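First up is the structure itself, then whatever we jot down about it.
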Amino acid sequence: MTRLAPFAAAASAALILWHAAHDAPTSVAFAPAPLIYPDSSAGAAPPPTPNPAAPPGPPAIAQQASVASTIEVIVGRNDTLDAIFRRMALDTADLAAIRHLPGTRQSLDFLKPGDAIKLTHADGEIKELTRRLSETQTLKVVREELGFAAKMIDNPVETRIRTASATIDSSLFQAAEAADISDSVALKLANVFAWDIDFVLDIREGDRFTAVYEQIYQDGKYLHDGEVLAAEFVNSGKVYRAVRFATENGSGGYYTPEGLPMRKALLRAPVEFTRVSSVFNPHRRHPILNLIRGHMGTDYAAPTGTPVHAAGDGRVSFAGRRGGYGNALVLAHSNSVSTLYGHMSRFARNMHVGNRVQQGDVIGYVGMTGLATGPHLHYEYLVNGVHKNPQTVQLPGAEPLHADTLQKFRHLTAPLLADLSPQQAAAGTGVATPNIANGPLAAEAASTVFSVSSVLDDSSARFGANGSRTSIN
Ligand SMILES: [Zn+2]
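In structure tokens:
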């Protein structure tokens, strides 16, 4: 899972900053439910008695409140049910009885701050206790004639599929917001394409994307977004498409429509785009891009301290001072690929020669050691010791789907791809013939056929071969 979203965890902080700058002050999304318990110093606090002089409200409820009242308790830090019961002057013998019901102890003893527990009581005697255990399960304990009875209530969720498109004119998140696409979906989208598109330097005004994704509802109410099922990203006119597919062993991953994994051995950019997007404005040429020519790598301007990630799995082959590079780290990857990270302010822990790193691991932090005029990461990509342009080099891919799986893949993903863009998908499903799905060259054959609509094979076939980067300057 972490492989699919190497940046997601740390990116949320940047998102908050972005929103602080862009959003009008609106309601707080995660405000806890109001805390409704009486002052703990009040001792045996009686339930609020209805004011006799109150205007005519719903009399039935007011009257009932004096008999049994329902309160929702929000669990505080280090809170226990015992403490809650004492604080609210509820009968602790009832709590002991409830705890002894089969299966309830596990569901009640582990409380998290912010959890809500609903209690109905009359003068401290518990009538009902409800606790939502998960999105789909609620524990309900009810006092019956012979004592308490517990049952588990299922709250089924409904997954709806939404397809949404947006065109970028300043940033990925702004475009997403304008199309009513959540940040979490925008981030997932960026992670799906993280191996093909450099979200720091490659995003251009006019880039557009479409996402087919899950929205989770309960009782007709929207809860949150789920997985991105299929996505398309058009970057500088190049079309990248991905579809989610779970292989036999159950791990979900993203593949091109031809069944080639989106995940590659090396990430396109070793820094989090969300951390640097604040300085990025696609309306104007990024000053850094002018430095790319005649330069052996790519520079990412980013604040000092921005985490730098290992572009791929590998071993540390150098870590220390190296002339103009300042604090530099070199990673050796498979296929004679190595990557170099320069000007770092410091290294992450355990960056010693010979140690292993995994793709996405934080290896150090942006700085300006060595010959640097401002804080940035200097990044180089070498194959057999020869420099390649990190932004255009064809990245080694992971294993394609096995031929047996490919047929199932085509069958299951065709409707998603159809959702993504009806006309193109129609052409795509047309090639899912048995002779392509079989044999060792399945993937190659598929991409050849797909080249009839050339946009579809860009992501897998001849990436960067035509030097499309010349459009930069
Ligand atoms: Zn540089």
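Our numbering applies: residue 3 is where the sequence shown begins, and numbers increase by one. All residues carry an ideal CB built from backbone N, CA and C; glycine is no exception. Note that the structure is a prediction, hence the values are computed from the model and not measured.
Going by DSSP, what residues sit across from I128 in a beta bridge?
-> I128 pairs with H123.
In terms of DSSP beta bridges, what is M346 paired with?
-> M346 pairs with N329.
Where R164 falls: helix, strand or coil (DSSP) = Looking at R164 - three-state DSSP - the assignment turns out to be strand.
Under the three-state DSSP convention, the category P263 falls into = In the displayed model, P263 falls within a strand according to three-state DSSP.
Quick one: Cα of N352 to Cα of S336, how far?
-> In a straight line, the C-alpha of N352 is about 21 Å away from that of S336.
Using DSSP with H/G/I as helix, E/B as strand and the rest coil, what is F201?
-> In the three-state reduction of the DSSP assignment, F201 falls in the coil class.
With burial defined as no fewer than 16 other Cβ atoms inside 10 Å of the residue's Cβ, what is the status of M154: buried or exposed?
-> Using a 10 angstroms sphere on the CB of M154, the tally of other CB atoms stays under 16, which defines it as exposed.
Would you say the beta carbon of D301 comes nearer than 7 Å to a heavy atom of ligand 1?
-> The answer is yes for D301.
C-alpha gap between S184 and A178, whole angstroms | Whole-angstrom Cα-Cα distance: 7 Å.
Consider the C-beta atom of H380 and the heavy atoms of ligand 1; say whether any pair is separated by less than 7 Å.
-> Within the cutoff, so yes.
Pick from D96, V159, R145, W197: whose alpha carbon is nearest that of S136?
-> Here the closest residue by C-alpha is V159.
Inter-residue spacing [alpha-carbon to alpha-carbon] between G255 and G126 = Going by C-alpha positions, G255 is about 52 Å away from G126.
Around the Cβ of H345, are there at least 16 other Cβ atoms within 10 angstroms (buried) or fewer (exposed)?
-> Buried is the label assigned to H345, since at least 16 other Cβ atoms lie within 10 Å of its Cβ.
Roughly how many angstroms separate the alpha carbons of Y224 and D209, rounded to a whole number?
-> When rounded, the distance between both Cα atoms is 29 Å.
Report yes if the C-beta distance between A192 and V214 is below 8 Å; otherwise report no.
-> Not in contact: A192 and V214 (Cβ atoms no closer than 8 Å).
Can the beta-carbon of H378 be found closer than 8 Å to that of V385?
-> Taking 8 Å as the Cβ cut-off, H378 and V385 do not qualify as a contacting pair.
Would K114 count as contacting chain D if we go by Cβ distances under 8 Å?
-> In the displayed structure, chain D is absent; only one protein chain is listed.
Residue range of the unbroken beta strand (DSSP E) whose run includes E480 | Nothing can be reported for residue 480, as the shown portion of the chain is limited to 3 through 475.
Excluding sequence positions up to five away, which residues of its chain have a Cβ less than 8 Å from the Cβ of L97?
-> Closer than 8 Å at the Cβ level, and outside the excluded window around L97, lie L83, D84, F87, I128.
First and last residue of the beta strand (DSSP E) that includes F112?
-> First-last for F112: undefined, no H or E at that position.
G326 to E401 span [Cα, whole Å] = As the crow flies, the alpha-carbon of G326 is around 38 Å from that of E401.
Beta-carbon proximity of F275 to F201, cut-off 8 Å | The Cβ-Cβ distance between F275 and F201 falls below 8 Å.
For A118, which of helix, strand or coil comes out of DSSP?
-> Of the three classes helix, strand and coil, the one that applies to A118 here is strand, per DSSP.
Pick from A334, A374, F150, P272 that is closest to V355, judged by C-alpha positions | With distances taken between Cα atoms, V355 lies closest to A334.
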